[in-house]
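These notes are about the structure you will find just below.
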Amino acid sequence: MKIGIFYFSATGNTADLAKVMKSTLESKHNIVEIRKFEEGWFKNYNDFDFFIFGSPKHYEYIPLFFLNWIQDNLSECDKPTDAAIFINGAADLNSGFKKMINILKSKNINVKATKTIKMSNNYFLPPFDKSYKEPLISSCETGEEIARKFAIDINNGKMQLEKANFLLENMCKDVSYFFGKKSNKVAKNFSTSIKCNKCGTCVRNCPENNIFIKDGKIVFGDKCITCARCLNICPMNAILYKGKEIKQYKLKMKEI
-11 MKIGIFYFSA TGNTADLAKV MKSTLESKHN IVEIRKFEEG WFKNYNDFDF FIFGSPKHYE
49 YIPLFFLNWI QDNLSECDKP TDAAIFINGA ADLNSGFKKM INILKSKNIN VKATKTIKMS
109 NNYFLPPFDK SYKEPLISSC ETGEEIARKF AIDINNGKMQ LEKANFLLEN MCKDVSYFFG
169 KKSNKVAKNF STSIKCNKCG TCVRNCPENN IFIKDGKIVF GDKCITCARC LNICPMNAIL
229 YKGKEIKQYK LKMKEI
């Protein structure tokens, strides 16, 4: 089976899970190609037998920007193609996949399996400050094992859609949409400290190309998706949020 894995990852957790699935599926003699959000959709999308989509949760739901991107940038497949979706976050709350399932259906992609995976908390902006007592490594290892089993189930054809409470899913979707529509305004809260050496790491790694250097200063534009990659990837921890330094998450950053 030829499988395409497409994912968005801000600080490495989703990328880590996608790579675990890739290696697991390859060990079962599947052909697997993997692409991240910044690289765009597969040009040879009609060549695949199965797709896997991965994303972190924003406010307990698939991020609005990711849903919009899928809606606007995926072409309809020439043949019906099955797929799976996984999302990950600090809570294992099953908040549903209905919106993305419907979007993919319009692209001739039929979702047969979904999975919510708990990973270590990697979003430290107030009011979602990190709990420093959280067992980060063990949480990731547990998440990786779930991803491994999910991939094996896909290989074996054991497809299952997680069931979500209707009211809960709609509440999480509405909250995520509400804050997702306001996320472009969050960048005004970012600034840099005197530790910034203008190395350009944040500029090169912003998934929306929303950071640039102008007149020797780091400037944040108006396309922010509040993924917080810039905050966590800065080698000097020089990016401030509302004038304050934020504790960085580095555990899976190398997976980006």
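Read in the working numbering, the sequence shown has 178 at position 190, and its numbers run on one by one without any break. Glycine residues also receive a C-beta, built at the ideal position from the N, C-alpha and C atoms. None of these values were measured; they are calculated from a predicted model.
Under the DSSP assignment, S43 falls in the beta strand (DSSP E) whose first and last residues are F38 to P44. Taking C-beta atoms as the reference points, G(-8) and F36 count as a pair closer than 7 Å. Closest in alpha carbon position to A139, among K100, K10 and K211, is K10.
DSSP places E26 in no beta strand (DSSP E); its state is neither H nor E. With the rule of 3 Cβ pairs closer than 8 Å, the region 58 to 67 does not count as touching the region 154 to 174. In the three-state DSSP reduction, S83 falls in the coil class, being neither helix nor strand.
Here the alpha carbons of Y111 and A135 stand approximately 21 Å from one another.
Taking 7 Å as the cut-off, the Cβ atoms of I50 and F74 do not count as close. Looking at the backbone, the Cα of V191 and that of I221 are separated by about 11 Å.
DSSP, reduced to helix, strand and coil, places E233 within a strand of the structure shown.
The Cβ neighbour count for G168, taken over all protein chains shown within 10 Å, is at least 16; the residue is labelled buried. Nearest to T130 by alpha-carbon distance, out of L149, E150, D141 and M107, is M107.
For the pair C218 and C194, the CB atoms are nearer than the 7 Å cut-off. In the DSSP secondary-structure assignment, L228 is bridged to S179 and E233.
Look at the region 118 to 173 and you find these whole runs of alpha helix (DSSP H), each 4 residues long or longer: 124 to 143 and 154 to 170. Between N198 and G209, the beta carbon gap of about 4 Å places them in contact (Cβ cut-off 8 Å). Residue I40 holds the alpha-carbon nearest to the alpha-carbon of A71 among I58, I40, Y47 and G204.
Looking only at N56, K186, A216 and K232, the smallest Cα-Cα distance to K202 is reached by K186. In this structure, DSSP gives F74 an extended state, which the three-state scheme calls strand.
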